[in-house]
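Novice:
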Amino acid sequence: MHELSLMDAVRQQALEQAALHGAGRITAITLRVGSLAGVEIEALRLAHTVVMAGTIAAGSRLVIEAVSAECLCAACEQPFAARDGCCECPRCGRISREMLRGRELQLASLDLD
Numbered sequence: 005m006h007e008l009s010l011m012d013a014v015r016q017q018a019l020e021q022a023a024l025h026g027a028g029r030i031t032a033i034t035l036r037v038g039s040l041a042g043v044e045i046e047a048l049r050l051a052h053t054v055v056m057a058g059t060i061a062a063g064s065r066l067v068i069e070a071v072s073a074e075c076l077c078a079a080c081e082q083p084f085a086a087r088d089g090c091c092e093c094p095r096c097g098r099i100s101r102e103m104l105r106g107r108e109l110q111l112a113s114l115d116l117d
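The sequence shown begins at 5 in my numbering and counts up by one.
1) To the nearest angstrom, how far is the alpha carbon of Leu104 from that of Phe84?
2) Ordered along the chain, which non-local residues of its own chain (more than five positions away) have a Cβ less than 7 Å from that of Gln21?
3) Identify which residue in Glu102, Met11 and Gln17 has its Cα closest to the Cα of Val54.
4) Please confirm if the segment 57-66 is in contact with the segment 80-100, defined as three or more CB-CB distances below 8 Å between the two stretches.
5) Leaving out the 5 sequence neighbours to the left and right, which residues in its chain are closer than 8 Å to Ala78 when beta-carbon positions are compared?
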């Protein structure tokens, strides 16, 4: 389950930011997760509970912001939704080589006390 190692990296970032801001507690962690990031959300939630235990983030709420995949068509110069990971432009039928978003796993924000 690679979600444990991903959440461990999130924990490190969150604790660093909390220390920078003098926080005594992290009450919520918001992550942006792309639809093509290869992350199982429920496994990520479980990993959050396990990895944050014993830290100032224990019991924090995990908020997931889903990010839909989007490509850019070089021929049409227009973005389009990459449904199911398919990067075929719906206007001209060409395959896009440029993914604009959808693979991210980012720490978006923290709620600190």
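Here a beta-carbon is modelled for each residue, glycine too, at the ideal position from N, C-alpha and C.
Specialist: So, from the listed chains and residues:
1) In a straight line, the C-alpha of Leu104 is about 9 Å away from that of Phe84.
2) For Gln21, where only same-chain residues beyond five positions count, the Cβ hits under 7 Å are Leu114.
3) Distances from the alpha-carbon of Val54 to those of Glu102, Met11 and Gln17 put Met11 closest.
4) Using a C-beta cut-off of 8 Å, the segment 57-66 makes no contact with the segment 80-100, since fewer than three inter-stretch Cβ pairs fall below that distance.
5) Taken in chain order, the residues that qualify are Arg98, Ser100, Arg101 and Glu102.
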